[in-house]
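In full-length UniProt numbering, the protein residues as written are 1 to 46.
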């Protein structure tokens with residue numbers, strides 16, 4: 001049973017890295033969408 005916490009923490013770190021990578025992708029996508037919206041607003045506002 002001593003191996004379980006080590007394996008669990010290893011999986012936790014791996015899952016955490018996956019989540020961070022996913023959040024970074026989502027943040028980048030959101031920023032891209034925001035830029036598109038800003039450009040559209042500028043075009044429509046002129």
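Idealized CB from N, CA, C, for every residue including glycine.
- A direct Cα-to-Cα measurement between residue 17 and residue 40 gives close to 35 Å.
- Within its own chain, no residue has a Cβ closer than 8 Å to the Cβ of residue 30 once the five positions on either side in sequence are excluded.
- Residue 46 carries a coil assignment under DSSP once its states are collapsed to helix, strand and coil.
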